[in-house]
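Be aware that the sequence shown starts at 0, since it is given in numbering that gives the first Met the number 0, and climbs by one per residue.
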Amino acid sequence: MAAIRSKPAGELALIEQIRRTFTSGKASRHKGVSLGIGDDCAILRPRAGHEIVVTTDFTLENRHFQRSLHPPAAVGHRCLARGLSDLAAMGAKPLAAFLSLALPRQILQTARGRRWIGNFLQGMRALAHQFDTPLAGGDTSESPQDLIFADIILVGTAPRGQSLLRSGAHAGDALYVTGSLGGAQAELSALLKRDRRPRADRSGQHPHLFPQPRLAVGSALLRRHMASAAIDLSDGLSTDLTHLCQSSRLRAEVDAALLPLHPLAARLSSANALTAALNGGEDYELLFAAKPSIRVPSRIADVPITRIGTLFPRNARRPLITLHGSDGSSTELKPGGWEHFAS
């Protein structure tokens with residue numbers, strides 16, 4: 000595996016398992032990868048006129064998943080989905096992925112542990128196959144504790160100088176979201192209450208376990224010059240909209256009644272449903288801005304598109320984000336999503 004070093008006992012077998020999992024079918028013949036698993040480095044071949052975009056994300060046991068609660072296939076799926084969603088927000092197409100795994104020694108020494116790893120890799124491979132994303136390398140190591148750590152690096156391409164940025168929005172632009180909100184938080188809450196691993200598949204009924212990156216939508220937004228700015232909703236709408244407003248030096252007004260709720264969130268009380276939609280995070284939908292003169296369709300790549308608000312010039316007397324309630328109230332919406340190292 001490119002950039003994977005083989006020293007500890009059991010690592011050679013693990014590398015071979017990863018290689019076999021990801022080098023079958025079209026993944027082994029990807030035109031963007033000149034040299035993949037099996038050498039000291041991978042060699043990538045971006046298309047002429049395109050530039051490279053790169054993102055990286057940790058998946059940490061007991062922070063992003065619990066081995067006793069999350070199906071291993073879902074852990075592998077979500078590990079890759081995080082990076083693919085970042086590429087979608089830039090309007091980029093995936094070129095290659097790099098996976099680094101730190102595993103406890105014990106997991107390789109039991110049949111149950113080896114099955115967990117196999118299902119983790121299969122979950123990742125299924126999503127990689129769906130979005131034509133070859134695994135081109137990575138690293139393996141023994142973890143210092145009895146915990147699993149995964150780091151995924153996604154390399155993508157976009158036409159030179161055309162990537163969607165958080166900083167490209169203008170006053171007067173309309174704000175839109177893809178899909179629905181709050182489902183990941185609602186499913187996670189139910190999962191924690193059950194305190195047992197569910198039987199789940201990759202259908203759209205499991206927004207927390209098997210989120211769907213909006214790569215086709217991001218690509219269409221860039222290709223049709225439809226969006227002026229975009230960001231993926233990984234940390235929650237309230238937090239990610241704050242990032243977009245700060246980068247574009249604008250303020251936003253959002254209509255709570257327009258927020259598209261996932262069916263799982265819609266089952267909650269109205270207050271909890273709103274909180275899940277605004278602060279839940281991990282929906283991996285796209286939030287984007289578009290000029291008012293642009294006609295944004297109600298669906299792109301068969302994904303629903305909903306207008307939720309408008310961007311305005313900064314005003315020292317106005318909040319960065321104002322939330323308008325269905326009862327006519329207007330309140331400041333502060334970032335309430337996920338933030339590492341926060342108390």
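Each residue gets a CB set at the ideal place from its N, CA and C atoms; glycine is no exception.
Using the Cβ count rule (16 or more neighbours within 10 Å means buried), how would you classify Q108? The residue you call residue 108 lines up with position 109 of the sequence shown. Q108 sits exposed, since fewer than 16 C-beta atoms from the chains shown fall within 10 Å of its C-beta.
Just checking my contact of G31 with L94 at CB under 8 Å: how many whole Å lie between their CB atoms? The residue labelled residue 31 in the question sits at position 32 within the sequence shown. The residue labelled residue 94 in the question sits at position 95 within the sequence shown. With 8 Å as the limit, G31 and L94 qualify as a contact, their Cβ atoms being about 4 Å apart.
Distance, Cα to Cα, L164 vs G9? Along the sequence shown, read from residue 1 onward, the residue named residue 164 stands at position 165. Along the sequence shown, read from residue 1 onward, the residue named residue 9 stands at position 10. Computed Cα separation, rounded: 43 Å.
When burial is assigned at 16 or more other CB atoms within 10 Å of the CB, is E281 buried or exposed? By 1-based counting over the sequence shown, the position of residue 281 is 282. The residue is buried, with at least 16 neighbouring Cβ atoms inside 10 Å.
Pick helix, strand or coil for E186, following the three-state DSSP scheme. Residue mapping note: residue 186 aligns to position 187 of the sequence shown, counting from 1. DSSP places E186 in helix when its eight states are reduced to three.
Just reading off the beta strand (DSSP E) that E50 is part of, what are its end residues? Taking the first residue of the sequence shown as 1, we reach residue 50 at position 51. Looking at the DSSP string, the run of the beta strand (DSSP E) that includes E50 is H49 to L59.
Helix, strand or coil at L98 [DSSP, three-state]: As a working mapping, residue 98 is identified with position 99 in the sequence shown. The three-state secondary structure of L98, taken from DSSP, is strand.
Give me, in chain order, the residues of the same chain whose beta-carbon lies closer than 7 Å to that of G160; leave out the 5 immediate sequence neighbours on both sides. As a first step, residue 160 is located in the sequence shown; it is residue number 161 there, counting from the start. Nothing meets the Cβ criterion.
Mind checking which residues open and close the alpha helix (DSSP H) that includes V154? Translated into the one-based positions of the sequence shown, residue 154 becomes position 155. Per DSSP, V154 lies in no alpha helix (DSSP H); the unbroken beta strand (DSSP E) holding it starts and ends at F148 to P158.
Counterpart residues of L252 in DSSP-defined beta bridges: Position 253 of the sequence shown, counted from the first residue, corresponds to residue 252. The question names Leu, yet the displayed sequence has Glu at residue 252. In the DSSP output, where bridge partners are listed per residue, E252 has T309 and T321.
Quick check: the Cα distance between L332 and D200, rounded to an integer number of angstroms? For the purposes of this step, residue 332 is taken as residue 333 along the sequence shown, with counting starting at 1. For the purposes of this step, residue 200 is taken as residue 201 along the sequence shown, with counting starting at 1. Rounded to whole angstroms, L332 to D200 spans 35 Å at the Cα level.
Using the Cβ count rule (16 or more neighbours within 10 Å means buried), how would you classify A170? In the sequence shown, residue 170 corresponds to position 171, counting from 1. With fewer than 16 Cβ atoms within 10 Å of its Cβ, A170 is classed as exposed.
Within its chain, find whatever has a CB closer than 8 Å to the CB of R306; leave out the 5 residues flanking it on each side and keep chain order. Position 307 of the sequence shown holds residue 306. When the five nearest sequence neighbours on each side are left out, the beta carbons in the same chain lying within less than 8 Å of the beta carbon of R306 are those of A173, L174, Y175, L257 and V295, in order along the chain.
According to DSSP, simplified to helix, strand and coil, what is F209? By one-based count along the sequence shown, residue 209 stands at place 210. Shown here, F209 sits in coil according to DSSP, grouped into three states, outside any helix or strand.
Less than 8 Å between the C-beta atoms of G343 and N278, yes or no? A query on residue 343 cannot be resolved here, the shown segment of the chain reaching from 0 to 342 and no further.
Give a yes or no on whether the C-beta atoms belonging to A157 and M89 are separated by under 8 Å. As a first step, residue 157 is located in the sequence shown; it is residue number 158 there, counting from the start. As a first step, residue 89 is located in the sequence shown; it is residue number 90 there, counting from the start. Going by beta carbons, A157 and M89 fall inside the 8 Å limit.
Since R298 sits in a beta bridge, which residues does DSSP pair it with? Counted from its first residue, the sequence shown places residue 298 at position 299. Looking at the DSSP output, R298 shares a beta bridge with P303.
With distances taken Cα to Cα, identify the nearest neighbour of Q245 among T139, G112 and N314. Your numbering for residue 245 matches position 246 in the sequence shown. For the set T139, G112 and N314, the Cα lying nearest the Cα of Q245 is the one of N314.
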